[in-house]
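Enquirer: In terms of our numbering, the sequence shown opens at residue 8 and continues consecutively.
Beta carbons are placed, not taken as given, at the ideal position from N, Cα and C, and that holds for glycine.
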Amino acid sequence: MTRKALLVKQRKPQKYSTREYNRCQRCGRSRAYYRKFGLCRICLRQLAHEGKIPGVKKASW
Numbered sequence: 008m009t010r011k012a013l014l015v016k017q018r019k020p021q022k023y024s025t026r027e028y029n030r031c032q033r034c035g036r037s038r039a040y041y042r043k044f045g046l047c048r049i050c051l052r053q054l055a056h057e058g059k060i061p062g063v064k065k066a067s068w
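Set out below in structure tokens:
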């Protein structure tokens with residue numbers, strides 16, 4: 008889990024655009040972020056397994 012201070016800091020409008028970065032909307036993780044879904048890889052996988060993301064299937068072979 009992300010510290011609450013980092014979540015608040017990230018949501019504030021930054022003085023310079025290069026200081027802005029993305030975080031998972033569900034857990035706040037900053038790494039392995041998928042822009043298309045707005046989620047990190049871990050949350051994306053969990054929601055895909057539950058069938059909550061339309062068009063995404065569990066890969067199995």
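Can you tell which of Y23, R36, S24 has the C-alpha that lies nearest to the C-alpha of L13?
Expert: Nearest C-alpha to L13: R36.
Enquirer: Opposite C47 in the DSSP bridges: which residues?
Expert: Answer by DSSP bridge pairing, in chain order: Y40.
Enquirer: What's the gap between the Cα of Y28 and the Cα of R52?
Expert: Between Y28 and R52, the C-alpha separation is close to 22 angstroms.
Enquirer: What three-state label does DSSP hand Q17 in the structure shown?
Expert: Here Q17 sits in helix by DSSP.
Enquirer: What is the rounded straight-line gap between the Cα of G62 and the Cα of C34?
Expert: Looking at the two C-alpha atoms, the distance is approximately 22 angstroms.
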